[in-house]
Every structure is written in C-alpha cells, then in structure tokens.
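Asker: Numbering (the numbering used here), first residue to last: 1 to 291.
Note that the Cβ used here is the ideal one computed from N, Cα and C, for glycine as well.
My questions will all concern the structure given below.
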Ligand code: RIB
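Listed below in structure tokens is the structure:
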C-alpha cells in the first residue's frame, strides 16, 4: 500500500506572546521564529518519522526552499510537488505563555492545484493505496472524488473547518480524523458520543478517530471502539500536535498494527510534539516514542 498526502505546505512565522492579542491591542513579541509547517507538510513529516513511506503532493512558491528542505530531510518523497513563481502558503502564529496558539493562514500557492495536476499525480496510485487530505488546499473535493474513483482509501482530516467543507463528497471518506470542533461542524452535535453516533448515521462506511484535546481520543472502526487518554506534558507549543497524531495514526493503520497500539503511539507522539517548539520540527521520530 502506497501513502499519498495531497496537502498544504506553509512557512510558519511564529511569534512568542505573553497572551493572545486582543482587538485594538498592540503587544511586543518576545521572540520570532520561522518554521516549516502546513497541516499537509506536518502530517507527511509525521508519517515519515513514524516509519511510513509517504509521497507528498501540492504546490510551493518561489520561497519554498525551507519547505522542500524540511520534506527531503524528513524522508518524504517530493516528486509530486509542483513549483510555481508566487508566494508559498504562509502563516502568522501567536504562541502564548501556556503554549496555546492562534493561526492566520495565507494560502498562497496552495490555491493553485489544477485538475490536470491531480490527474497526473493520481495516475501513480492505484486501488488499495491510501490518500490523506486536509482542508487547506484548493480543489480538495476533486482530489477526493478522483482518488475514490481509483479505489484509493480516503483518510480525511477536515481541518481547518470552513464553509468549503459542504462541497466535499464526504460519502467517499473511509476514515475521518477530526477534533470536537470539526465533529460539530459535520454533525451539529457537541457531545463526543453523539458526534460519533451521528457520523455513523451520516457516513456508514467511515471509521472515525475523534480527538478531544486534554480528554484523550476515541477510535471507532466497525464494532471496535478504543479510548486513549493523553500523556500529560508541560505544553510549550501545541502547533502540529493534531498533525503528529494523524501522521502516526495513518502509519500504524497502513502497517496493519492493532488499534490500541496505534492509538497509544499516536497519543505519545503528539504529547512529545506539544512539549517542543515549532511545527514539523517538533514531531518526534519513532525511536523517541516508547510506549
Ligand atoms: O496544524 C498546524 C499547522 O496549521 C501549522 O503548521 C500552520 O501552517 C497551519 O497550517
């Protein structure tokens, strides 16, 4: 089984703040760092660091060297990445003294995924291969539909939530990996059990991983249900914690590992990422994820 991640790549401009800036407020940042990020890139790095072989597809701009270097150093296959002359996707991220973040995303060249590019990329994949998608890329519904027509297994992380989600052919999804906010957007429910139940009714063939922040995570696959608590750590920067969980989870299921082990490893890897600054750089290698 080959793993294809068709996903965003962003240059993260990370500002260390005392607290999240309020409307009308001006505040000095105590530090600024530039990291490689983007939900897509982070998840590819997490898959590779977890020991999976992953192809990343998407678009970088003229300033994309940091993104390409990070993917290459991380062991990700970059042959399906298109290079354009505009700006790459970038973000402005505030991290407060408790390690919490807020993120502004400018999509840049992530918005230049054309239907012909998608057809070219997908021609390298076949039935049974796995596609992972997030919600930060142009034309993702088309990618999902075309990959499903090829018989690929579709893993969807509907992050970040926006109106565009309404246009996804979600009946194609085999795995939803989502948090409570995304679960609410898809089901209008807030209680975790009700979110899981509603997803089962709306998308009967889909398996689900529902992450609940500090309250752990559920996985429901057919009749199997696993709950995994978090590994408590002091939060330094929560950026990419969910992406780390997703990448480790996808690697585990692609290898056919048992669900409780897959969930435990994903939670442990995510907790390590939270204890370190940055996005892709904060993701641990499998050798660091002892469970
Ligand atoms: O999930 C974290 C990521 O979200 C950051 O790296 C940022 O680029 C945004 O896409």
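Label residue 227 either buried or exposed according to how many other C-beta atoms from any shown protein chain fall within 10 Å of its C-beta, with 16 as the threshold for buried.
Answerer: By the neighbour-count rule (16 or more Cβ atoms within 10 Å), residue 227 is not buried but exposed.
Asker: What are the partner residues of residue 36, as DSSP defines its beta bridges?
Answerer: Looking at the DSSP assignment, residue 36 forms a beta bridge with 11.
Asker: Only counting runs of 3 or more residues, tell me where the beta strand (DSSP E) segments fall wholly within the segment 172-235, in order along the chain.
Answerer: Fully enclosed beta strand (DSSP E) runs of 3 or longer: 175-179, 207-211, 217-221, 224-228.
Asker: Classify residue 19 as buried or exposed, calling it buried when 16 or more other Cβ atoms lie within 10 Å of its own Cβ.
Answerer: Residue 19 is exposed by the Cβ-count criterion.
Asker: So, is residue 270 buried or exposed, given that buried needs 16 or more other C-beta atoms within 10 angstroms?
Answerer: It is buried - the Cβ of residue 270 has at least 16 other Cβ atoms within 10 Å.
Asker: Going by the C-beta, is residue 37 closer than 6 Å to any heavy atom of the ligand RIB?
Answerer: Yes - the ligand RIB has a heavy atom lying nearer than 6 Å to the Cβ of residue 37.
Asker: Tell me, to the nearest whole angstrom, how far the beta carbon of residue 8 is from that of residue 58; I am working on the premise that it is less than 8 Å.
Answerer: That pair is a contact at about 6 Å.
Asker: Excluding five sequence neighbours on each side, which residues of the same chain lie with their C-beta closer than 7 Å to the C-beta of residue 108?
Answerer: Within the same chain, residue 108 has close Cβ partners 61, 86, 87, 88, 89, 90.
Asker: On the DSSP letters alone, give me the boundaries of the alpha helix (DSSP H) that residue 30 sits inside.
Answerer: Residue 30 -> no alpha helix (DSSP H), and no H or E assigned at all.
Asker: With a CB to CB cut of under 6 Å and the five nearest residues on each side skipped, what residues in its chain are close to residue 92?
Answerer: Excluding residues within five positions, the ones whose Cβ falls inside 6 Å are 13, 104.
Asker: Within a Cβ cutoff of 7 Å, which residues of the same chain sit near residue 167, ignoring the five residues on either side of it in sequence?
Answerer: Closer than 7 Å at Cβ, skipping near neighbours: 141.
Asker: Thinking C-alpha only, which one of 27, 55, 26, 51 is nearest residue 40?
Answerer: Ranking 27, 55, 26, 51 by Cα distance to residue 40 puts 55 first.
Asker: Can you tell me whether residue 182 is buried or exposed, with buried defined as 16 or more other CB within 10 angstroms of its CB?
Answerer: Under this definition residue 182 is a buried residue.
Asker: Run through the segment 69-143 for me and flag every whole alpha helix (DSSP H) of 4 or more residues, listed as ranges in chain order.
Answerer: Whole alpha helix (DSSP H) segments, 4+ residues: 115-122.
Asker: Counting C-beta neighbours from all protein chains within 10 Å, is the total for residue 173 16 or more, i.e. buried, or is it exposed?
Answerer: Buried, because 16 or more other Cβ atoms sit within 10 Å of the Cβ of residue 173.
Asker: Where residue 136 and residue 34 are concerned, what is the direct C-alpha to C-alpha distance, given to the nearest angstrom?
Answerer: Roughly 19 Å between the two C-alpha positions.
Asker: By the three-class DSSP mapping on this structure, what secondary structure does residue 153 have?
Answerer: Three-state result, residue 153: strand.
Asker: Looking at the unbroken beta strand (DSSP E) that takes in residue 4, where does it start and where does it end?
Answerer: 3-6 is the extent of the beta strand (DSSP E) around residue 4.
Asker: Could you check what DSSP says for residue 279 in three-state terms: helix, strand or coil?
Answerer: Three-state DSSP puts residue 279 in coil, outside helix and strand.
Asker: With H, G and I counted as helix, E and B as strand and the rest as coil, what does DSSP make of residue 167?
Answerer: Helix at residue 167.
Asker: Looking at the ligand RIB, does it come within less than 6 Å of residue 266, judged from the CB to the closest heavy atom?
Answerer: No, the beta carbon of residue 266 sits no closer than 6 Å to any heavy atom of the ligand RIB.
Asker: Can residue 235 and residue 99 be called in contact, C-beta distance under 7 Å?
Answerer: Yes.
Asker: Just checking residue 132 against the ligand RIB - is the residue's beta carbon closer than 6 Å to any of the ligand's heavy atoms?
Answerer: Outside the cutoff, so no.
Asker: So, for residue 48: in the same chain, excluding its five sequence neighbours on each side, which residues have a beta-carbon less than 7 Å away from its beta-carbon?
Answerer: Only 54, 74, 75, 76 meet the Cβ criterion.
Asker: Residue 4 and residue 129 look like a contact to me (Cβ under 8 Å); what is the Cβ gap, rounded to whole Å?
Answerer: At roughly 7 Å, the Cβ-Cβ gap stays under 8 Å, so residue 4 and residue 129 are in contact.
Asker: Nearest to residue 72 by CA position, among 199, 84, 46, 95, is which residue?
Answerer: Answer by Cα proximity: 46.
Asker: Using only alpha-carbon positions, find the residue among 252, 10, 238, 233 that is nearest to residue 219.
Answerer: Of the candidates 252, 10, 238, 233, the one whose C-alpha sits nearest the C-alpha of residue 219 is 252.
Asker: Between residue 239 and the ligand RIB, is the CB less than 6 Å from at least one heavy atom?
Answerer: Yes, since a heavy atom of the ligand RIB falls inside the 6 Å radius drawn around the Cβ of residue 239.
Asker: Would DSSP call residue 22 helix, strand or coil?
Answerer: In the structure shown, residue 22 sits in coil (DSSP, three-state: anything other than H, G, I, E or B).
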